[in-house]
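>
Residue numbers (my numbering): 1277 to 1680.
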């Protein structure tokens, strides 16, 4: 049983950053359930291979929600990264800081001291290194909406180009940017391991119990200072509940000894549901040819050899942040423009030139929950978003679709 200064659970979007920073001055253990982001696997490095990694079982938990009542009782696909870099290794690579008013509201209304925009701005700048689709931008201008050159600048509202977590034609996950090529003798990275529970002495967390395979012997690692839980919105409640921290009735149902009763664990889950508005076009200006036959082969070869061309971008070059109505103090709708008509995971692609706008309310009021079915760390969670259960969310979504 080895002891570290810090143990970070989850090598994802937050965990890689946290572990890398802490390891500059401390001994740190980083635990990740998925594999390494192998340099030879184009799916986690080629930006245009987004649909490939989203459907991969090697790098993706591939969860599904429970039946969503307001969506015809459908169970929606819920991809979550299961690889070093987490969901930053499988997401759409669009980089947006968030509206300054959101951060200021956290500080003033909810008492989150130190989370105001001016407080977090230096941390954003530390992590950043800095032809959009002209038809989309022109359409916004024609409708009288403002334009912006930088969604991460002083004015977010309007139509403009997106920044992306892409550099030199490669996806920049947090594993690439914070772990690769960095010499950190204090950092130990364990991939392919599953955390069972936090270990406590009294009410003090002293370490972690984990296994390297299903049915494997539990291994315990201790932390001299702190254990940092970075398992994401879906994974974090699972670890806490298995550790005896959670709703009283759920712990009783699972026969887990309580460490701390907290009925908020797993509750208040929220997500930004997106709906696509698609259209066929007559002019051959979409990226459809690069997804078929020789065009797809050409894009792959050009990316492998030069890290350029159609494979070197996520193709989400432009978008918009708009207000759903006069009562919205700042933008509450986000639009992504994609010069092809297809599902996000690459399925059901239209067999001709097309375009689509992704419509997504940014501040939905609908709330859901995450729960676990058993104390087995390998069992899938129960995810219930309760999409569109708040009437206000319907109104914002309808307005967004009309705008699109």
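Beta carbons are placed, not taken as given, at the ideal position from N, Cα and C, and that holds for glycine.
Please classify residue 1310 as buried or exposed, where buried requires at least 16 neighbouring CB atoms within 10 angstroms.
Buried is the call here.
> Residue range of the beta strand (DSSP E) that residue 1500 falls in?
1495 to 1505 is the extent of the beta strand (DSSP E) around residue 1500.
> Take the Cβ of residue 1569 as the centre, count every other Cβ of all protein chains shown within 10 Å, and call the residue buried at 16 or more, exposed below.
By the neighbour-count rule (16 or more Cβ atoms within 10 Å), residue 1569 is not buried but exposed.
> When the distance is taken between beta carbons, is residue 1465 closer than 9 Å to residue 1295?
The answer is yes: Cβ separation under 9 Å.
> Is it a yes or a no for the segment 1297 to 1315 touching the segment 1353 to 1363, going by three-plus beta-carbon pairs under 8 Å?
With the cut-off at 8 Å, the segment 1297 to 1315 and the segment 1353 to 1363 touch.
> Going by DSSP in three states, residue 1671 sits in which element: helix, strand or coil?
Reduced to three states, the DSSP call for residue 1671 is helix.
> Please state whether the Cβ-Cβ distance between residue 1618 and residue 1327 is less than 9 Å.
Against a cut-off of 9 Å, the Cβ pair of residue 1327 and residue 1618 comes out as a contact.
> Which of the three DSSP states is assigned to residue 1334 in this structure?
Note: residue 1334 maps to coil in three-state DSSP.
> Hey, residue 1508 and residue 1362 are a contact pair by Cβ (cut 8 Å); roughly how many whole angstroms apart?
Correct: roughly 7 Å between the Cβ atoms.
> Of all the options 1351, 1421, 1384, which has the alpha carbon lying nearest to the alpha carbon of residue 1596?
That would be 1421, whose Cα lies nearest to the Cα of residue 1596.
> Under a three-way DSSP split, which group does residue 1595 fall into?
Strand at residue 1595.
> Inspect the beta-carbon positions of residue 1681 and residue 1642 and report whether they are closer than 9 Å.
Residue 1681 is absent from the structure shown; the chain starts at 1277 and stops at 1680.
> With residue 1416 and residue 1423 assumed to form a contact (beta carbons below 8 Å), what rounded beta-carbon distance in angstroms separates them?
Rounded, the Cβ-Cβ distance is 7 Å, consistent with contact.
> Per DSSP, what kind of secondary structure is residue 1370 in: helix, strand or coil?
The answer is strand: DSSP assigns residue 1370 an E or B state.
> Does residue 1303 pass the burial test, meaning 16 or more other C-beta atoms within 10 Å, or should it be called exposed?
When all chains shown are included, residue 1303 counts as buried.
> My understanding is that residue 1517 touches residue 1541, with C-beta atoms under 8 Å, so please give their C-beta distance in whole angstroms.
Right, their Cβ atoms sit about 6 Å apart.
> Hey, could you find the ends of the beta strand (DSSP E) residue 1487 is sitting in?
Note, residue 1487: beta strand (DSSP E), 1480 to 1487.
> Can you find the residues in the same chain that come closer than 6 Å, C-beta to C-beta, to residue 1337, ignoring five residues on each side of it along the sequence?
Contacts found: 1356, 1358.
> Strictly by DSSP, which residues pair up with residue 1464?
Paired residues: 1305.
> So the candidates are 1527, 1376, 1547, 1449; which of them puts its Cα closest to the Cα of residue 1538?
Considering only alpha carbons, the answer is 1527.
> In whole angstroms, give me the CA-to-CA distance for residue 1671 and residue 1548.
Roughly 14 Å between the two C-alpha positions.
> Can you tell which of 1469, 1457, 1680 has its C-alpha closest to the C-alpha of residue 1552?
Among 1469, 1457, 1680, the Cα nearest to that of residue 1552 belongs to 1680.
> Determine the closest residue to residue 1451 out of 1615, 1657, 1677, 1290, with distance taken between C-alpha atoms.
Among 1615, 1657, 1677, 1290, the Cα nearest to that of residue 1451 is on 1290.
> Between residue 1545 and residue 1644, how many whole angstroms is the CB-CB distance? I'm expecting something under 8 Å.
Between residue 1644 and residue 1545 the Cβ distance is about 4 Å, and since that is below 8 Å, they are a contact.
> Within 10 Å of its beta-carbon, does residue 1479 have 16 or more other beta-carbons around it, so buried, or fewer, so exposed?
With fewer than 16 other Cβ atoms within 10 Å, it is exposed.
> Return helix, strand or coil for residue 1391, following the three-state DSSP convention.
In this structure, residue 1391 counts as coil in the three-state DSSP scheme.
> Mind reading off the beta-carbon distance from residue 1630 to residue 1556? Whole number of angstroms is fine, and I expect it under 8 Å.
Between residue 1556 and residue 1630 the Cβ distance is about 5 Å, and since that is below 8 Å, they are a contact.
> Does the segment 1650 to 1664 come close enough to the segment 1367 to 1375 that 3 or more CB-CB pairs lie under 8 Å?
No, because fewer than three Cβ pairs between the segment 1367 to 1375 and the segment 1650 to 1664 fall closer than 8 Å, the two stretches do not touch.
> Return helix, strand or coil for residue 1541, following the three-state DSSP convention.
Residue state, collapsed to three classes: coil.
> In three-state terms, what does DSSP make of residue 1321?
If DSSP states are grouped into helix, strand and coil, residue 1321 belongs with coil.
> Mapping DSSP to helix, strand and coil, what is residue 1604?
If DSSP states are grouped into helix, strand and coil, residue 1604 belongs with coil.
> Under three-state DSSP, which class holds residue 1290?
Three-state DSSP puts residue 1290 in coil, outside helix and strand.
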